[in-house]
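Peer 1:
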Amino acid sequence: MTLEFNKIVQQVYNMGAMLDKLDFDITDSLALARERFLAAGDLGRVWERIEWVRSSEISHYRGAAPPDLPDAEPINSIIPPPAPPTYATIIAADGSQVYPDELAPVHYYLLNVGLYVYYHSQGTADAPTPEQYTYPKLFFHREHVHDRYGRIISNGTVDDRRTVAELKRLAQTAWERRSPDLPLIALYDNRLLYLPGNDAHESDDLMSEYLAALVHMQDAGATLAGYIDNPFRAKRFMQLLFLMSIETEAELKARQVEISRSGDLEGLRDQQFFYAILENGERSAIMVQNSPQNKLFRDRGKSYEIAFFYLKVHNSYQSKVVRVDIPMWVARDKVRVDALHALLLHQCQLQGRNPYPYAITRADELAWIGSKDRSKLDELVNVEVRRIKEDLVGRTLTAKMRGKELARSEKRYHNMLGEEIIDDR
1 MTLEFNKIVQ QVYNMGAMLD KLDFDITDSL ALARERFLAA GDLGRVWERI
51 EWVRSSEISH YRGAAPPDLP DAEPINSIIP PPAPPTYATI IAADGSQVYP
101 DELAPVHYYL LNVGLYVYYH SQGTADAPTP EQYTYPKLFF HREHVHDRYG
151 RIISNGTVDD RRTVAELKRL AQTAWERRSP DLPLIALYDN RLLYLPGNDA
201 HESDDLMSEY LAALVHMQDA GATLAGYIDN PFRAKRFMQL LFLMSIETEA
251 ELKARQVEIS RSGDLEGLRD QQFFYAILEN GERSAIMVQN SPQNKLFRDR
301 GKSYEIAFFY LKVHNSYQSK VVRVDIPMWV ARDKVRVDAL HALLLHQCQL
351 QGRNPYPYAI TRADELAWIG SKDRSKLDEL VNVEVRRIKE DLVGRTLTAK
401 MRGKELARSE KRYHNMLGEE IIDDR
């Protein structure tokens, strides 16, 4: 049975009428934010307010703050695009997974990490051919697929393990390609401020592995960056600009419930603001997020606190604002930051209309597990199970699931001319 669109069309029109009446105008908020931004060059005044929100009597502030560096950039800095290095090695990693199926004859899950190595060259020498690798790993032991209570692990747990596997593989590859002479950029397609799920025992182990991968990355001399392509929910800088409008600590205590909403800048997002403020290729000041999660990273060592900046990437067709997460060992090194800034801009020029880092795109292609590959994996597992213990195969498929499988499978019918048509809905 197909979806009857004739019954939905009017509902879509009604939705459009509602949207037409909503107020999406951010002109006033943008003007107010711009005014505060231009006046926010005094780092001493910024730090005074950050100390207020870090006191035990203030809560709710998870906004931006300057990094604790002697040469920290004013929060209203706008940094122009630097010249890229002549040569560099860029490594990108991404991952995909097959989640465990409770109804399968054998419980397992699969992680696949794709890794792409791109050799940047703007000199006279030809760049080496890019390299690509995939690292699939099947997990099937009981202790891997079930938690300590004997329950099958959640999809969220698989996601957490994939995140750690991606960073560990990226760190190992960076270590193998470490060089004192060439910039080494390691790109990760996600935020770096990692927080595992709710299982305390599992979370502690994963967090330890994640932090160990960061240490390995630093030891390799790599410039690590987490690339967030669409930070549309982020309002950490808007919270900081609202904080700058508070004149006294007493006023802040009285208005602290407004902080999480960005006060009078509510509704304006960082991405919208920096799209209006930055020109193509420019970046914001480097900042950190004031949060308990980031404190966990800082407690591991000052080098592992996670900083970030906003960057306006572009090509001949369009531009967009992205967020780039970097560990503090990168943030405090201007040469590294400039190389990363320039190389990200260059990477975003390589895909025609799509301003997105080429190396990350290729890593995603390598990691992706499509529906056909998932079906082949299921078939391969079932063949092996049938060889060992035939009565397990198909035993867990309920009548309901079998009915759905038959109803939704490829159907054949014939048209008026007698031609066979395949309906693969």
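Position 88 (the sequence shown) corresponds to 88 in UniProt numbering; numbering is contiguous.
In this text, a Cβ means the ideal position worked out from N, Cα and C, and glycines have one as well.
Is any heavy atom in the ligand ADP found nearer than 7 Å to the beta carbon of D325?
Peer 2: Of the ligands one can find in the structure shown there are none, so the ligand ADP has no counterpart to examine.
Peer 1: Let me make sure I understand the geometry here. Which of P231, K168, L110 and I259 has the alpha-carbon closest to that of A92?
Peer 2: If you number the sequence shown from 1, residue 92 lands on position 92. Residue K168 is the option with its Cα nearest to A92.
Peer 1: What's the C-alpha gap between S262 and Q289?
Peer 2: Locating residue 262 in the sequence shown gives position 262, where the first residue counts as 1. Locating residue 289 in the sequence shown gives position 289, where the first residue counts as 1. Roughly 14 Å between the two C-alpha positions.
Peer 1: Of the choices R142, A307, E251 and D204, whose alpha-carbon is the least far from that of S291?
Peer 2: Position 291 of the sequence shown, counted from the first residue, corresponds to residue 291. Of the candidates R142, A307, E251 and D204, the one whose C-alpha sits nearest the C-alpha of S291 is A307.
Peer 1: Tell me the rounded alpha-carbon separation between A165 and V113.
Peer 2: The residue given as residue 165 occupies position 165 in the sequence shown. The residue given as residue 113 occupies position 113 in the sequence shown. The straight-line gap from Cα to Cα measures roughly 7 Å.
Peer 1: Hey, could you find the ends of the beta strand (DSSP E) M287 is sitting in?
Peer 2: Residue mapping note: residue 287 aligns to position 287 of the sequence shown, counting from 1. That run of the beta strand (DSSP E) goes M287 to Q289.
Peer 1: What is the DSSP secondary structure of T2, counted as helix, strand or coil?
Peer 2: In the sequence shown, residue 2 corresponds to position 2, counting from 1. Correct three-state label for T2: coil.
Peer 1: Does DSSP put Y317 in a helix, a strand or coil?
Peer 2: Looking up residue 317 in the sequence shown gives position 317. Correct three-state label for Y317: coil.
Peer 1: Express the C-alpha separation of H341 and A367 in angstroms, rounding to a whole number.
Peer 2: Mapped onto the sequence shown, residue 367 falls at position 367. Mapped onto the sequence shown, residue 341 falls at position 341. Straight-line Cα distance between these residues: approximately 26 Å.
Peer 1: In the structure shown, what three-state DSSP assignment does R161 receive?
Peer 2: In the sequence shown, residue 161 corresponds to position 161, counting from 1. Of the three classes helix, strand and coil, the one that applies to R161 here is helix, per DSSP.
Peer 1: From the DSSP output, in three-state form, read off G95 for me.
Peer 2: Start at 1 with the first residue of the sequence shown, and residue 95 comes out as number 95. G95 falls in the strand class under three-state DSSP.
Peer 1: Look at the alpha carbon of M328 and the alpha carbon of L296, and state the distance between them as a whole number of angstroms.
Peer 2: Position 328 of the sequence shown holds residue 328. Position 296 of the sequence shown holds residue 296. Approximately 13 Å, taken between the alpha carbons.
Peer 1: Report the option in Y116, A285, S59 and V98 whose CA atom is closest to the CA atom of L138.
Peer 2: Your numbering for residue 138 matches position 138 in the sequence shown. Ranking Y116, A285, S59 and V98 by Cα distance to L138 puts V98 first.
Peer 1: Assuming L192 contacts D325 under a Cβ cut-off of 8 Å, what Cβ separation, rounded to an integer in Å, is found between them?
Peer 2: On the sequence shown, position 192 is the one that residue 192 refers to. On the sequence shown, position 325 is the one that residue 325 refers to. The Cβ separation is near 4 Å, so the contact holds.
Peer 1: Is the beta carbon of P100 less than 8 Å from the beta carbon of Y116?
Peer 2: The residue you call residue 100 lines up with position 100 of the sequence shown. The residue you call residue 116 lines up with position 116 of the sequence shown. Not in contact: P100 and Y116 (Cβ atoms no closer than 8 Å).
Peer 1: Please state the DSSP three-state secondary structure of N280.
Peer 2: In the sequence shown, residue 280 corresponds to position 280, counting from 1. Residue state, collapsed to three classes: coil.
Peer 1: What would DSSP say about A64, mapped onto helix, strand or coil?
Peer 2: Here residue 64 is taken as the residue at index 64 of the sequence shown, counted from 1. A64: strand per DSSP, three-state reduction.
Peer 1: Apart from the five residues on each side of it in sequence, which residues of its chain come closer than 6 Å, Cβ to Cβ, to S260?
Peer 2: Residue 260 sits at position 260 when you count from the first residue of the sequence shown. Hits under 6 Å: H60.
Peer 1: What is the rounded straight-line gap between the Cα of D189 and the Cα of A225?
Peer 2: Mapped onto the sequence shown, residue 189 falls at position 189. Mapped onto the sequence shown, residue 225 falls at position 225. Looking at the two C-alpha atoms, the distance is approximately 9 Å.
Peer 1: Between A171 and M244, is the Cβ-Cβ spacing less than 8 Å?
Peer 2: One-based indexing of the sequence shown puts residue 171 at position 171. One-based indexing of the sequence shown puts residue 244 at position 244. Their beta carbons are not under 8 Å apart, which means A171 does not touch M244 by this criterion.
Peer 1: Where do the N-terminal and C-terminal ends of the beta strand (DSSP E) with P136 fall, by residue?
Peer 2: Residue mapping note: residue 136 aligns to position 136 of the sequence shown, counting from 1. It spans E131 to F139 - the beta strand (DSSP E) in which P136 sits, taken as one unbroken run.
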